[in-house]
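Here's the structure we're looking at; comments come further down.
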Amino acid sequence: MFLNYAWSVGKLRNLDGMAWAWALVVMAASPVRAATVSEVRINPTENGVEIVLVLADGSELEVLPAQDGTRWIADIPNAQLSEGVEQLDVASGIARVSVQPLANSVRVIVVGQDGPLVGVVESHASASADWSVRTLTLTVGPAAETANPVNDSLRLMITGETGSNYFIPSASTATRTDTRLLDIPQAVQVIPEQVLDDQQVTNLDEALQNVSGVVADNSEGAGSQFSLRGFEGARILRNGFSLAGGDSLSNTSILTLPEVANLERIEVLKGPASLLYGEIQPGGVINLVTKRPMADPSYNIELRAGSRSLFRPHLDISGQITPDGSLRYRLNALMERDDAFRDFDQEIEREFVAPVVTWDISDRTNLTVDLEYLTDERPFDTGLLAFGNGVIDVPQDRIVGEPDDVVERSFFSTGYEFNHRFSDNWSVRNAFRYSSQNYDSNAFFPLVFDEASGLVARLNSATDWYQDYAGVQTDLVGKFETGSINHTLLFGVDYSRNRSDIVAVIDPPIPTNLAPINIFDPVYGFAQRQSFDQFSVGARIQDVNTSRFGIFVQDQIDVSDALKLVAGIRYDTISQDLTNGQSLFDPTGSSNSQDVDDFTPRLGLVYQPIPELAIYGSYSRSFTPSSSTDIAGDFLTPEEGEGYEIGLKTELWDQRLVATLAYFDITKRNVATPDPNAPAFLSAAIATGEQRSQGVELDIAGEILPGWNIIANYAYTDARITEDNQFAEGNGLVGIPEHSAGLWTTYTFQTGELEGIGFGLGFNYVGERPGDLANSFRLDDYFTTDAAISYTQEDWKLALNFKNLFDIDYIQGTPISRTRGIEPGEPFTVIGSISFQF
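Just so you know, this note's numbering puts the end of the sequence shown at 896, numbered straight through with nothing missing.
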């Protein structure tokens, strides 16, 4: 395998004979082993630069050097690096040094200022009482005598603390293996931690504005939900597991508000993805990748404060528990206090803690155990109201409910991830996750709105909801060859079960308790609120139990250096039991169950005419069990999604920037529609509906010039009803704009008197959108502007961010109906922060 790799590298870069001979000797003399680079040191020398790669486990490293004009390049195909390092103007004659991770390899690039460079490679090993350390030294400069470095001017740089962190070259969500983005035949966007920090993001909705085709679905303060590529209900994952379980019957898949403070990055996989994640909607998945313990001690303390009494202190610390570093920890904790910009009495109160411990049991085995605990209390906000074919023209802070409407939740999650390498080519991963959450709300819901008079009939309702989830995953990964073809085989098995208990209670809707209010001249405080135990009847009492079992196989095939194939198939079986207790609408109660199974394939092809460009195409499927029943009371056939995608991916400017251009065409079938032959009082359905979304997406992220970072996106989405018994064919899907775009760019001065001063500027455009499937009203388009200024020194940073700079009134997200979920966007907001890292 590595001989083929070396041949390709040599052919592309005109490797000279001496380097060729040296590379072949190294590969023949040492075994292939994936080694982790724990530290990178970049040291200026008298005649050049010295790059030192440190490996705590004493592994041998292989190096393939090459010369390309003024660039000296060294590929290390059997090494792994978590985050890249880059430094400018390191020494005389050296313009830039870059050490970046690729898929199962590390690339070192040294750029000369005036002419060609030469390099010398040396490997050293040393041992202490119980720990072996190996260093690989690359000494590069304009002349051969740079092999003698000057150590007294040593400058130590730890990985991840310098360079552009907007460019992430690989992801695991799309394949469950660490795969270079250019090798994945599907659109995958990665939002790194640096973007979240620069934008001072405090919620997931803000973060995902950086990705094309993502729309936040309104949940009235109940949780984070999103549409992807036109389809609602995108599954949110946490390190590959469903964040909160979820089931198709109760429609309570995500009622949590995930914290972003402990996220290392967010990976968004577009299109049907049931091969790896089971029953999901065809738009894709959103994977939240959390921070892990670091090899070197790190202590970060931050305080954010801003508009509407925002107060948000945050602690992020990591270090070693044992002297040899085999046992490490990381702790993230924060609290938040904030006044809602809408006219509520209830403020936002949030506490979060997330400890994690990693144990390197041996050089081939490690175990990570983590925990998250979150409490959140905030207003229950039903939004504004539709008026005619638009949205009512009242102040954005006006509320339809009562000022003390509230929703409270708590979320607990824990689990482990166990990794073991049987050999250099075979490894296993076993992971487990358990989560539980409680959700309580008490609010006044708008039922009917008389547009002529402005009167809104409201009903007091309360919900008590509990859910727990447990899941286990086991993945076996093997690398092997069949002739000249390389394979990365993934075989996986997963099982999960979750249970939800929901009790929603109301008083019967009679004129004496409809709590009317005039939205044009509201008077609050006269409605009679009841506690949960005071309600006379339950409107919805449900107990839902769901179990899932899936088995799949996937093969990533390198037919050649230019041609790659990904193929796989999955089998799922799902059992769901639903029990409805006695309620206002079901006096006797009922129960029902369903058992469904399905095969979901995936096929993708990548062609790379040059290493920096990939042309790809893919086909994939998804399925989701239906929650609707037919006239006989049986559940409908599961919904099925089918997606086609073609696109281009490229890495530009010495792999500092990645761009993806994709065309997609996704169809969802077996959508529940009303049964025209059923009696009017019976809510029976048939699976004849169909929805289709097609469009073009462009995403760009990385570094344009030293200090100048960018993340940008554009989406054209044509999402419509293609078959339905209730709504007109051709109607647009709820909340999906035809055109949307976003841009965020920062520049930080690298040298001179202004060194450390940074500026940021961002724009977000969302086009006009349908407000419901009937397309009876529409939401206007909007354009918002953000800005930032910061000052960074070695161990501290000051930052000031301005959001919605021109205080634009707009409606965000996806409405629930004409009277609920029409959510006003946040007005002009200022957030300042000070952070210390040591």
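Glycine residues also receive a C-beta, built at the ideal position from the N, C-alpha and C atoms.
Of the candidates 460, 285, 846, 852, the residue whose Cα lies closest to the Cα of residue 891 is 846. In the structure shown, residue 264 adopts helical secondary structure according to DSSP, grouped into three states. The shortest C-alpha to C-alpha distance from residue 520 to any of 756, 406, 502, 535 is the one to 502. Nearest C-alpha to residue 270 among 880, 773, 369: 773. Boundaries around residue 255 are those of the alpha helix (DSSP H), 251 to 256, since no beta strand (DSSP E) includes it. Beta-bridge analysis with DSSP links residue 854 to 894. Taking 8 Å as the cut-off, the Cβ atoms of residue 556 and residue 527 count as close. The beta carbon of residue 372 lies closer than 6 Å to those of 319, 360, 392 in the same chain, with the five residues before and after it left out. Ranked by Cα distance from residue 472, the options 464, 483, 492 are led by 492. A contact is defined here as three or more CB-CB pairs under 8 Å, and the segment 652 to 667 meets this definition with respect to the segment 329 to 346. By the beta-carbon neighbour count (other beta carbons within 10 angstroms, threshold 16), residue 548 is buried. In the three-state scheme derived from DSSP, where H, G and I count as helix and E and B as strand, residue 834 is classed as coil.
Under the 10 Å beta carbon count, residue 651 is surrounded by fewer than 16 other beta carbons and is classified as exposed. A residue is called buried when at least 16 other Cβ atoms come within 10 angstroms of its Cβ; residue 357 does not meet this threshold and is exposed.
With a contact defined as Cβ atoms closer than 8 Å, residue 287 and residue 724 qualify at about 6 Å. Under the DSSP definition of a beta bridge, residue 493 partners with 471, 527. Counting the other CB atoms within 10 Å of its CB gives residue 325 a total of 16 or more, which places it among the buried residues.
The residue from 467, 461, 418 with its alpha-carbon nearest to that of residue 433 is 467. When the alpha-carbon of residue 427 is set against those of 323, 610, 198, 490, the nearest one is in 490. Residue environment: residue 144 is assigned as buried (16 or more neighbouring CB atoms within 10 Å of its CB, all protein chains considered). Judged by DSSP in its simplified three-state form, residue 339 adopts coil rather than helix or strand. According to DSSP, residue 860 shares a beta bridge with 845, 888. Contact check for residue 339 and residue 289: beta-carbon distance about 5 Å, within the 8 Å limit, so the pair qualifies.
From the listed residues 495, 234, 424, the smallest Cα separation to residue 477 is found for 424. It is roughly 12 Å from the alpha-carbon of residue 130 to the alpha-carbon of residue 157.
Using a Cβ distance threshold of 8 Å, residue 265 and residue 246 do not count as a contacting pair. Residue pairing by DSSP places residue 625 opposite 613, 661 in a beta bridge. The three-state reading of DSSP puts residue 767 in strand, counting E and B together. For residue 759, the pairing in a beta bridge is given by DSSP as 716, 769. Residue burial is scored here from C-beta neighbours: residue 523 has at least 16 other C-beta atoms within 10 angstroms and is therefore classed as buried. Secondary structure note for residue 328: its beta strand (DSSP E) is the uninterrupted segment 321 to 328.
Put simply, of 689, 404, 709, 697 the residue whose alpha carbon is nearest the alpha carbon of residue 667 is 709. Rounded to whole angstroms, the separation of the alpha carbons of residue 870 and residue 885 is 12 Å. Under the three-state reduction of DSSP output, residue 722 falls in the strand class. Between residue 234 and residue 446 the beta-carbon gap is near 49 Å, outside 8 Å, which marks them as no contact.
Taking every protein chain shown into account, the CB of residue 229 has 16 or more other CB atoms within 10 angstroms, so this residue is buried.
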